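Working notes for the structure below.
There are 2 protein chains.
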Amino acid sequence: MSAKPYHHGNLRSALIEAGLAALERSDSKDISLRALARDVGVSANAAYRHFEDKDALLSALAAEGFRRFAAQQTEALAAKPDLTASRKASGLAYIDFARKNPALFRLMFGQFLQAKTDPELGLAAAAAFQGLLEASAQEAGTSSDPDLVLRTAILRWSVVHGMSHLLLDGQLDVFAGHNIDKLIEDVLALAPRLTATEPEPAGGRS
Amino acid sequence: MSAKPYHHGNLRSALIEAGLAALERSDSKDISLRALARDVGVSANAAYRHFEDKDALLSALAAEGFRRFAAQQTEALAAKPDLTASRKASGLAYIDFARKNPALFRLMFGQFLQAKTDPELGLAAAAAFQGLLEASAQEAGTSSDPDLVLRTAILRWSVVHGMSHLLLDGQLDVFAGHNIDKLIEDVLALAPRLTATEPEPAGGRS
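Below you can see the structure in the form of structure tokens.
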């Protein structure tokens with residue numbers, strides 16, 4: 224990320240952009256607010272006016288990550304002809320996000336506990352998870368059982384989250400000879416069977 | 224882990240035991256071969272005769288982790304009345320292993336790339352994965368399509384791996400009010416639908 228001039232007032236977002244780039248270049252442990260300030264061409268003091276410390280910066284990076292993640296999910300789910308298509312698009316978008324932003328993905332999901340103390344991160348994470356939950360609720364449409372909707376959401380989340388981790392950690396490399404992109408698509412293509420279709424008790428509970 | 228006397232010849236396994244305990248107390252980054260030597264009451268030099276460096280020790284810990292993991296899977300799968308029961312037992316054992324040995328779990332699956340250079344770790348990991356694959360192959364029994372067996376195995380692996388990570392990273396804590404153990408069981412209970420039962424082309428390809 225080259226030093227880019229910024230307009231008065233958006234130093235915070237310039238630092239976040241630089242932070243996201245630095246994160247993928249190295250690792251969250253090696254990020255330095257001082258170095259980011261240099262990247263965007265301001266003094267360390269100016270940077271510290273926006274982020275009290277490195278934890279505050281990482282928290283803001285994770286929050287931005289959740290907003291981008293949620294936006295990609297919304298885009299993936301939009302205007303799909305049917306549930307099968309939107310389910311596939313949502314799963315592929317999840318895994319694609321993890322593969323394109325491995326360090327950010329680990330940061331977001333590893334630091335989630337911070338959501339309880341940082342309101343901005345809490346809101347961004349909650350909105351992203353709400354989106355995942357709603358997509359599952361839509362799928363479980365015929366069911367009025369909220370527990371079943373939740374379980375289906377967690378199961379579907381586990382599939383894409385688990386596959387993301389297996390990919391990031393190189394575990395699926397052992398299936399050399401397979402085209403990884405095709406493997407992901409083929410595995411996700413089995414997932415429609417995850418749709419919650421448990422028979423409801425007669426009469427339901429409306 | 225208190226210092227335990229060891230018999231001549233098993234210093235290596237004493238160091239591994241001490242290493243596994245230290246791993247869960249702190250983190251793989253903080254493990255020191257020197258401290259482990261103190262734990263078991265030998266000189267650092269004696270410890271270095273068994274492990275060239277910290278990486279060699281971590282590799283041995285991961286290998287031991289894969290052996291224990293595979294043994295638990297074998298036990299879980301043994302003598303179950305039907306596929307539904309063995310599938311459930313296998314999934315619960317996977318997640319249970321991750322929850323009881325979080326640092327070891329992260330080490331094993333994070334360091335998998337090392338399997339290519341450390342033969343002991345490579346063998347242990349391959350044996351564990353082979354077990355997972357065979358369990359899925361057994362489930363997909365009616366199918367003669369090896370790609371479908373592989374896809375089913377990866378899908379099922381993703382479910383338990385993803386749920387393990389979500390649990391370790393505290394992500395499922397947001398569903399406060401739910402009993403986590405029951406939630407895991409209930410989510411896995413949806414997974415039987417993952418069984419590979421795609422209709423095969425007439426005549427198959429035997």
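Protein chains in written order, with our numbering: chain Y, 224 to 429; chain W, 224 to 429.
Don't be surprised by glycine CBs; every beta carbon is placed ideally from N, CA and C.
The structure presented is a predicted model; accordingly, all values stated were derived computationally and were not measured.
For this session: List the residues of chain Y whose Cβ lies closer than 8 Å to the Cβ of L395 (chain W), in chain order.
Result: Numbered from its first residue, the second sequence carries residue 395 (chain W) at position 172. Residues of chain Y passing the Cβ test: I377.
Exercise. Taking the C-alpha atoms as reference points, what is the distance between A260 (chain W) and F292 (chain W)?
Worked result: The residue labelled residue 260 (chain W) in the question sits at position 37 within the second sequence. The residue labelled residue 292 (chain W) in the question sits at position 69 within the second sequence. Going from the Cα of A260 (chain W) to the Cα of F292 (chain W) covers about 26 Å.
Problem set entry | C-alpha distance - N233 (chain Y) paired with A308 (chain Y), whole-angstrom precision | The residue labelled residue 233 (chain Y) in the question sits at position 10 within the first sequence. The residue labelled residue 308 (chain Y) in the question sits at position 85 within the first sequence. Taking the straight line from one Cα to the other gives about 38 Å.
For this session: Specify the secondary structure class of K303 (chain W) as computed by DSSP and reduced to three states.
Result: Here the question's residue 303 (chain W) lines up with position 80 in the second sequence. K303 (chain W) falls in the coil class under three-state DSSP.
Exercise. Helix, strand or coil: which one does DSSP assign to V263 (chain Y)?
Worked result: Working through the first sequence from its first residue, we reach residue 263 (chain Y) at position 40. In this structure, V263 (chain Y) counts as helix in the three-state DSSP scheme.
Exercise. With C-beta atoms as the reference, is L300 (chain W) less than 8 Å away from S313 (chain W)?
Worked result: Walking along the second sequence from the start, residue 300 (chain W) turns up at place 77. Walking along the second sequence from the start, residue 313 (chain W) turns up at place 90. Yes, the pair counts as a contact, with Cβ atoms nearer than the cut-off.
Exercise. Which first and last residues belong to the alpha helix (DSSP H) in which K405 (chain W) is found?
Worked result: Stepping through the second sequence from its first residue, residue 405 (chain W) is reached at position 182. 403-413 is the span of the alpha helix (DSSP H), which, as asked, contains K405 (chain W).
For this session: State the start and end residues of the unbroken alpha helix (DSSP H) segment that holds R379 (chain W).
Result: Within the second sequence, the letter at position 156 stands for residue 379 (chain W). Unbroken alpha helix (DSSP H) run through R379 (chain W): 369-391.
Exercise. Is the beta carbon of F289 (chain Y) sitting closer than 8 Å to the one on A347 (chain Y)?
Worked result: Taking the first sequence and counting its residues from 1, the one referred to as residue 289 (chain Y) is at position 66. Taking the first sequence and counting its residues from 1, the one referred to as residue 347 (chain Y) is at position 124. In this structure, A347 (chain Y) lies closer than 8 Å to F289 (chain Y) by Cβ.
For this session: Closer than 8 Å by C-beta to L391 (chain W): which residues in its own chain qualify, once you throw out the five before and the five after it? Chain order, please.
Result: Translated into positions along the second sequence, residue 391 (chain W) becomes position 168. Closer than 8 Å at the Cβ level, and outside the excluded window around L391 (chain W), lie A321, R322, P325, F328, R329.
For this session: May I have the straight-line CA-CA distance separating F398 (chain Y) from Y271 (chain Y), to the nearest angstrom?
Result: Sequence index remark: in the first sequence, residue 398 (chain Y) carries index 175 (1-based). Sequence index remark: in the first sequence, residue 271 (chain Y) carries index 48 (1-based). Their Cα atoms are separated by approximately 46 Å.
For this session: Just the chain W side, please: which residues come within less than 8 Å of F328 (chain Y) by C-beta, in chain order?
Result: By one-based count along the first sequence, residue 328 (chain Y) stands at place 105. The contacting residues do not exist; F328 (chain Y) stays about 11 Å from chain W at best.
Exercise. Under 8 Å between the Cβ atoms of E343 (chain W) and A267 (chain W)?
Worked result: On the second sequence, position 120 is the one that residue 343 (chain W) refers to. On the second sequence, position 44 is the one that residue 267 (chain W) refers to. No.
Exercise. Where does L341 (chain W) land, buried or exposed, given buried means 16+ other C-beta within 10 angstroms?
Worked result: By 1-based counting over the second sequence, the position of residue 341 (chain W) is 118. In the sequence on display, residue 341 (chain W) carries Asp and not Leu. Its Cβ being crowded by 16 or more others within 10 Å, D341 (chain W) is buried.
Exercise. S381 (chain Y) and L373 (chain W): beta carbons closer than 8 Å?
Worked result: Locating residue 381 (chain Y) in the first sequence gives position 158, counting from the first residue. Locating residue 373 (chain W) in the second sequence gives position 150, counting from the first residue. Contact: no.
Exercise. Apart from the five residues just before and just after G354 (chain W), which ones in its own chain have a Cβ nearer than 6 Å to its Cβ?
Worked result: Translated into the one-based positions of the second sequence, residue 354 (chain W) becomes position 131. Within the same chain, G354 (chain W) has close Cβ partners A293, Q296.
Exercise. Would L346 (chain Y) count as contacting chain W if we go by Cβ distances under 8 Å?
Worked result: The residue labelled residue 346 (chain Y) in the question sits at position 123 within the first sequence. Proximity of L346 (chain Y) to chain W, defined by a Cβ-Cβ separation below 8 Å, is not satisfied.
Exercise. Between G333 (chain Y) and chain W, is there a C-beta pair that is closer than 8 Å?
Worked result: Here residue 333 (chain Y) is taken as the residue at index 110 of the first sequence, counted from 1. Yes, its Cβ sits closer than 8 Å to a Cβ of chain W.
Exercise. Run through DSSP, which three-state label would E247 (chain Y) get?
Worked result: Start at 1 with the first residue of the first sequence, and residue 247 (chain Y) comes out as number 24. DSSP places E247 (chain Y) in helix when its eight states are reduced to three.
Exercise. Taking Cβ-Cβ distances below 8 Å as the criterion, which residues of the region 273-305 of chain W are in contact with chain Y?
Worked result: none
For this session: Consider the Cβ of V372 (chain Y): report whether some Cβ of chain W lies at a distance smaller than 8 Å.
Result: Residue 372 (chain Y) sits at position 149 when you count from the first residue of the first sequence. Not an interface residue.
For this session: Could you check the C-alpha separation between K252 (chain Y) and P304 (chain Y) for me, to the nearest Å?
Result: The residue labelled residue 252 (chain Y) in the question sits at position 29 within the first sequence. The residue labelled residue 304 (chain Y) in the question sits at position 81 within the first sequence. Here the C-alpha atom of K252 (chain Y) lies approximately 43 Å from the C-alpha atom of P304 (chain Y).
Exercise. If you measure from the CB of R235 (chain Y), is any heavy atom of the ligand COA nearer than 7 Å?
Worked result: Absent from the structure shown: the ligand COA. Ligands present: none.
Exercise. In chain Y, which residues lie less than 9 Å from F320 (chain W) when you measure between Cβ atoms?
Worked result: Against the second sequence, residue 320 (chain W) aligns to sequence position 97. Neighbours of F320 (chain W) in chain Y, taken as residues at a C-beta separation under 9 Å, are lacking, since the least C-beta distance is about 14 Å.
Exercise. So, is the C-beta of D253 (chain Y) closer than 8 Å to a C-beta in chain W?
Worked result: Here residue 253 (chain Y) corresponds to residue number 30 of the first sequence, with the count starting at 1. Closer than 8 Å: no.
Problem set entry | Distance CB(L406 (chain Y))-CB(A414 (chain W)) smaller than 8 Å | Within the first sequence, numbered from 1, the residue matching residue 406 (chain Y) stands at position 183. Within the second sequence, numbered from 1, the residue matching residue 414 (chain W) stands at position 191. The answer is no: Cβ separation not under 8 Å.
For this session: Could you name the residues of chain Y that D409 (chain W) contacts, counting a contact when the two beta carbons are closer than 8 Å?
Result: The residue given as residue 409 (chain W) occupies position 186 in the second sequence. Near D409 (chain W) (Cβ distances below 8 Å), the residues of chain Y are D370, R374.
Exercise. Would a check of beta-carbon distances place V382 (chain Y) closer than 8 Å to chain W?
Worked result: Reading the first sequence from its first residue, position 159 is the one you call residue 382 (chain Y). Output row for V382 (chain Y): interface = yes.
Exercise. Between L413 (chain Y) and chain W, is there a C-beta pair that is closer than 8 Å?
Worked result: One-based indexing of the first sequence puts residue 413 (chain Y) at position 190. So yes, L413 (chain Y) belongs to the interface.
Exercise. Which class does N233 (chain W) belong to by DSSP, given the choice of helix, strand or coil?
Worked result: For this step, residue 233 (chain W) is matched to residue 10 along the second sequence. In the structure shown, N233 (chain W) adopts coil according to DSSP, grouped into three states.
Exercise. Cα separation between L370 (chain W) and E357 (chain W)?
Worked result: What you label residue 370 (chain W) is simply residue 147 of the second sequence in a count that begins at 1. What you label residue 357 (chain W) is simply residue 134 of the second sequence in a count that begins at 1. Checking the sequence shown, residue 370 (chain W) turns out to be Asp, not Leu. For D370 (chain W) and E357 (chain W), the distance between alpha carbons rounds to 13 Å.
Exercise. So L256 (chain W) packs on F274 (chain W), CB below 8 Å; how close in whole Å?
Worked result: Indexing the second sequence from 1 puts residue 256 (chain W) at position 33. Indexing the second sequence from 1 puts residue 274 (chain W) at position 51. Going by Cβ atoms, the distance from L256 (chain W) to F274 (chain W) rounds to 6 Å, so yes, they are a contact pair.
Exercise. Hey, how far is the Cα of E408 (chain W) from the Cα of S387 (chain W)?
Worked result: Position 185 of the second sequence, counted from the start, is the residue given in the question as residue 408 (chain W). Position 164 of the second sequence, counted from the start, is the residue given in the question as residue 387 (chain W). Their Cα atoms are separated by approximately 13 Å.
For this session: Taking all protein chains shown into account, decide if E240 (chain Y) is buried (16 or more other Cβ within 10 angstroms of its Cβ) or exposed.
Result: Locating residue 240 (chain Y) in the first sequence gives position 17, counting from the first residue. The residue in question, E240 (chain Y), is buried, as its Cβ has 16 or more Cβ neighbours within 10 Å.
For this session: Report the neighbours of L389 (chain W) on chain Y: residues whose CB is nearer than 9 Å to its CB, in chain order.
Result: Mapped onto the second sequence, residue 389 (chain W) falls at position 166. Near L389 (chain W) (Cβ distances below 9 Å), the residues of chain Y are F332, I377, W380, S381, H384, G385.
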